[in-house]
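*Asks:* Got a structure for you, written out below as structure tokens; questions coming shortly.
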Amino acid sequence: MFELLYTSISPAGLSEVELMGMLKQWRLKNQALDITGMLLYHDREIMQILEGEEDKVKALFQTILMDNRHRNIEVIYEGNIKDRAFSEWSMAFKLLDENIIKMISAGYEEFNLKMSPITMIKENPNRGKKTFLSLRDML
81 MFELLYTSIS PAGLSEVELM GMLKQWRLKN QALDITGMLL YHDREIMQIL
131 EGEEDKVKAL FQTILMDNRH RNIEVIYEGN IKDRAFSEWS MAFKLLDENI
181 IKMISAGYEE FNLKMSPITM IKENPNRGKK TFLSLRDML
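In my numbering, the protein residues as written are 81 to 219.
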């Protein structure tokens, strides 16, 4: 198994209705590819973790790189994993609101609430994975 975590910016921003419509499509595509993961969204920022067979994850990521809904794409980390962390979801989703941001920041003394939560999370790959896992456990 392989996982890849990346961040990007949505140039136009996405409404919750738009996100939910796209999530349906993405979930079907991921299901067909046997890819699992989770997507976080906050104020135009996207953070997503994908897991599955390496060639399929990398191929899907190439389509993301060409998608005009993503800008400033940055791979936070990628590598082999023993087991999937999101095996029950073709694409779990969390819209980061004020309550979730407070929950995320509670475990980190250096968390700066004036910065975007995704910007803060991506500064430390271990924090990124831990955040995804704690949000997964809330589902």
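Think of the CB as a built atom: it goes at the ideal place given N, C-alpha and C, for glycine as much as any other residue.
1. Leaving out five residues on either side along the sequence, give the residues of the same chain with a beta carbon under 7 Å from the beta carbon of Trp106.
2. Please go through the same chain and pick out, in chain order, the residues whose beta-carbon is closer than 6 Å to the beta-carbon of Gln111, but skip the five residues on each side of it.
3. My output table needs one value for Lys136: the three-state DSSP class, helix, strand or coil.
4. Note down the Cα distance separating Arg124 from Ile156, rounded to an integer number of angstroms.
5. Report the three-state DSSP secondary structure of Glu98 (helix, strand or coil).
6. Go to Arg151, then tell me how far its beta strand (DSSP E) extends in each direction, as first and last residue.
*Replies:* If we stick to the structure as given:
1. Met171
2. Ser170
3. helix
4. 18 Å
5. helix
6. 151-160
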